[in-house]
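Numbering (this note's numbering), first residue to last: 50 to 204. All remarks here apply to the structure that follows.
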């Protein structure tokens, strides 16, 4: 996922303020994910569970990222695409339901880990992080398609 992000930053970075902000927030989310999962480039000393506090901080970042997409970025991208033709707008609108599928996974993850009072929920964290990673990887691919529409047709 970091490799894909780096490619996206190289390809589209600096072209549009909205895109730059979006990619910066994705990077922050990924760094927190890798840290929480104990994966390179971030690793925890010894294989231990993260604190529930760290998980909840990640959840806050995750919800912020997902919300930013739905409530700030996607509508602006679709609007900008609409000004350049119905084909661009239709393509952008077709991607939104695909992106929304991962929103449910992200919100379920958030609910599970922010509402739990029992630290034993952390025993399920590795499995849940793996599921979340799959959903978010698909989301990032669809978001990149939106960025490509905005960048290639309208920059």
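Ideal Cβ placement from N, Cα and C applies to all residues, glycine included.
Problem - residue 78 vs residue 110 beta-carbon contact at 7 angstroms - result: yes
Problem - Own chain residues within Cβ distance below 7 angstroms of residue 151, not counting five before or after - result: Contacts found: 184, 185, 187 and 188.
Handout entry: 7 angstroms Cβ cutoff met for residue 191 and residue 148
Key = yes
Problem - Backbone secondary structure at residue 22 - three-state DSSP - result: With the chain covering 50 to 204 only, the question about residue 22 has no answer from this structure.
Handout entry: residue 78, DSSP secondary structure in three states
Key = helix
Exercise for the section: Check whether the segment 116-136 touches the segment 64-72, taking contact to mean three or more Cβ pairs, one atom from each stretch, closer than 8 angstroms. Expected result: In this structure the segment 116-136 lies against the segment 64-72, because at least three pairs of beta carbons, one per stretch, are closer than 8 angstroms.
Practice task
Compute the distance between the beta-carbons of residue 85 and residue 99, then report whether it is under 7 angstroms.
Solution key: yes
Problem - Completely contained alpha helix (DSSP H) runs for the segment 85-131, where each covers 4 or more residues - result: 101-117 and 123-131
Practice task
Using 10 angstroms around the beta-carbon of residue 97, count the other beta-carbons present and answer buried if the total reaches 16, otherwise exposed.
Solution key: exposed
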